[in-house]
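If you read the sequence shown in our numbering, its first letter stands for residue 579, the second for the next number, and so on. Cβ atoms here follow ideal geometry from the backbone N, Cα and C, with glycine treated the same way.
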Amino acid sequence: MNRFTEATVALWEKIEPKFVTVNADRLKTIAAANALGDFTLPSWEAPGILPRDGHAFTTHVFWHNTVNFSYTNRLPRDEEKATFRKKMGNKTLKGSFAMARCFYAAFGEKPIYADDIIALTDSSDRMKKFFSGLNTMPLIKERRANLRSAAFALKKGFGGDPWNIVVEGGWRAFAKNGKPGIVDILIGHFPSVFANDKMKMKQGTAFFYKRAQLFVLQYEGRALASGLRPISDMNTMGPIADYELPRSYRHDGVFRYQKSLETAIRERRPLRPGSRAETEIRLATVWSQVRELETMNALRKKHGLRPIHLGHLDHIRWKKGRAVKTMPHHLCFSTNY
């Protein structure tokens, strides 16, 4: 576990939750039931959405994660119709896959460099056209700002090539012996894009860094499938605190929401970014992910199995959250997730 996740777990244990209750016994029961399974990472091999070449793939997912947030429009109320969607042949992609298709449609199998993005984002109209789909992409202004900020910082410090961030980070997620890892570089050199994903409370600061860590996790999934050099410290990765993980915990009876919060989510009323309710959901998600993993790995060790990391658990929880149809995920119009 990294120092940011450690601080966030400790913060949850200091506060008195007002909106989210975590059933720790239920969490342990579910973790124990699933601990001995086989776990893999997605390889992110998606023709027409993601490049096959490892270098090109790395550049694409870097840019994806500068804008990988908030795909649900306020209207209509139906979640399926409200989510950003884009056609690819006879398929309809939605959410982050529809976003990724926008990049692939423009750049195909080629790497995407800083100058490409600077040109792409030179006007609001060009940005809107780039992110066109069957419905509107939310937060276009914020996406354009993130892309431009990242492009200029990348050109200044890394030769305009996202691959150089991985190299400079030494194929590590976090710092070792004073040398920054990939996540450290992202939050340090791209602060307006990757370092805003934190929340100060009276008892301390919650550090989520969802999109910065997701970049590393996606790279690792492709590396294991393709022969790219893997990340050496995946055991330090923190949770990817998004919309789907808390929905999976709510469905499993691990999370219980205060009545007004439950009603707001069901009625698709957006939570204010940084509000107490929104922060508690993400804090509870981080704490639960860490504790669930600890239980699973303790049992795996007892049975002579190799430990898993939070990337493995994230994949299972994310798929489970996506499959839940009885309750929508919470809405929050934020650039953090």
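Inclusion of arginine 663 and leucine 671 in the CB contact set at 9 Å is warranted, their separation being smaller than that value. In the three-state reduction of the DSSP assignment, tyrosine 797 falls in the helix class, which pools H, G and I.
Within the DSSP bridge table, the entry for phenylalanine 833 names Val600 as partners. In the structure shown, methionine 666 falls within a strand segment according to DSSP collapsed to helix, strand and coil. Cβ neighbours of alanine 751 within its own chain (closer than 8 Å, five residues either side excluded): Asn580, Gly759, Ile760, Val761, Gln791, Val794, Ile809, Asp811, Met812, Thr814, Met815.
Using a 10 angstroms sphere on the CB of proline 629, the tally of other CB atoms reaches 16 or more, which defines it as buried. Excluding residues up to 5 positions away in sequence, Cys910, Ser912 lie with their Cβ nearer than 6 Å to the Cβ of proline 851 in the same chain. By the Cβ test, the region 584-603 is not in contact with the region 638-658, since fewer than three Cβ pairs between them sit closer than 8 Å. Each residue's CA atom was taken as its position, placing glycine 735 and leucine 725 some 15 Å apart.
Residue pairing by DSSP places methionine 779 opposite Gly782 in a beta bridge. Excluding its 5 nearest sequence neighbours in each direction, glycine 831 has C-beta neighbours in its own chain below 6 Å: Arg604, listed in chain order.
Along the length of the region 681-720, whole alpha helix (DSSP H) runs at least 4 residues long occupy 692-698, 702-708, reported in chain order. Taking C-beta separations shorter than 8 Å and ignoring five residues to either side along the sequence, the partners of tryptophan 641 in its chain run Phe681, Ile690, Ile695, Leu725, Ala728, Pro740, following chain order.
Under the DSSP assignment, serine 770 falls in the alpha helix (DSSP H) whose first and last residues are 769-772.
Taking the Cα positions, arginine 847 is about 11 Å away from serine 838.
Alanine 803 is positioned such that its CB atom lies closer than 9 Å to that of glutamate 623.
Residues of the same chain with a CB within less than 7 Å of the CB of leucine 614, apart from the 5 flanking positions on each side, are Leu877, Arg878, His881, Leu883 in chain order.
Taking every protein chain shown into account, the CB of alanine 611 has fewer than 16 other CB atoms within 10 angstroms, so this residue is exposed.
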